[in-house]
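Quick note on numbering: the sequence shown equals residues 298 to 517 in the numbering used here. Note that the Cβ used here is the ideal one computed from N, Cα and C, for glycine as well. Predicted, not measured: the structure shown is a model, and the values here were computed from it. Report on the following structure.
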Amino acid sequence: MSTQREDWTAAGQPAAPDPSVEPASETAVPLLNIANILTILRILLVPVFLVVLFVGDGHSTTWRLIATGVFAVAAITDRIDGQLARKYGLVTDFGKLADPIADKALIGAALVGLSILGDLPWWVTAVIAVRELGITLLRFAVLRHAVIPAGRGGKLKTLVQTIAIGYYLLPLPDGFEVAGWILMGAAVLLTVVTGLDYVVQAVRLRAGVHKVEANASTGA
């Protein structure tokens with residue numbers, strides 16, 4: 298019996314192959330490729346970022362600028378590694394697992410760090426952290442049977458989160474708080490909305506898979 302998994306879309310239909318990605322056999326893709334190296338680099342930068350962030354009680358102008366730079370470099374690798382993996386057929390199971398973990402680790406570390414320093418309310422960190430953890434667990438739960446493609450909303454959410462965190466990391470003078478509140482408010486809103494949308498897609502997808510499996514078992 299075949300063990301090949303078939304990918305499904307949120308509409309319950311088989312996912313069409315991406316024409317922009319050249320097929321490559323799993324044996325042809327080395328585990329230690331540039332995309333995975335960038336992902337590993339991002340994970341390694343998380344503790345470096347935290348150490349730098351808390352130097353000088355966390356409010357040294359110089360060290361906050363350095364922390365912002367480390368965060369920016371790590372965030373940029375998130376965009377580059379995905380593009381390289383898709384463009385050059387470097388997608389691996391390790392990358393599928395490690396990439397979202399690296400993303401959540403970076404965002405989570407920054408939010409917790411800012412909250413510890415008193416620069417960001419803990420409820421903001423809690424809302425985003427619960428959403429990201431919950432969706433990550435949900436993604437792994439449905440991955441065995443189906444895949445939900447990343448939508449524009451999710452990409453926009455990540456972008457706004459990154460910009461908002463970067464803004465809060467900068468040692469800006471008094472008078473710039475309002476812009477930070479607006480950015481972080483938008484990040485929280487997008488985080489919640491896209492999280493709910495992902496749950497709806499997952500429910501519909503699972504329902505579609507179960508329907509197809511039921512029809513196959515009855516010979517319909």
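In this chain, the alpha helix (DSSP H) harbouring P344 covers I331 to L350. L502 places its beta carbon 8 angstroms or farther from that of R361. Fewer than three pairs of CB atoms, one per stretch, sit closer than 8 angstroms, so the segment 467 to 485 makes no contact with the segment 377 to 392. Rounded to whole angstroms, the separation of the alpha carbons of P397 and A406 is 14 angstroms.
Annotation for Y464: G477 and L480 place their beta carbon closer than 6 angstroms to its own, counting only its chain and skipping 5 residues before and after.
Taking the CA atoms as reference points, V370 sits about 15 angstroms from T455.
CA-to-CA, the gap between T389 and E429 works out to about 22 angstroms. Here T491 is buried. Its C-beta has 16 or more other C-beta atoms within 10 Å. The closest CA to that of L435, considering only T358, V496, A484 and F351, is found on V496. V421 and F346 have their C-alpha atoms spaced approximately 20 angstroms apart. About 17 angstroms separates the Cβ atoms of G410 and L341, ruling out a contact at the 8 angstroms cut-off. In this structure, the alpha-carbon of V500 lies about 9 angstroms from that of V439. In the structure shown, V326 adopts coil according to DSSP, grouped into three states. For secondary structure counted as the alpha helix (DSSP H) over 4 or more consecutive residues, the segment 379 to 422 holds these complete runs in sequence order: 390 to 413. I432 and D494 have their C-alpha atoms spaced approximately 10 angstroms apart.
Distance between P418 and F391, taken at the CA atoms: about 34 angstroms. Nearest neighbour of T488 by Cα position, chosen from A364, L403 and I425, turns out to be I425. In the three-state scheme derived from DSSP, where H, G and I count as helix and E and B as strand, F473 is classed as coil.
In this structure A332 is buried. Its beta-carbon is surrounded by 16 or more other beta-carbon atoms within 10 angstroms.
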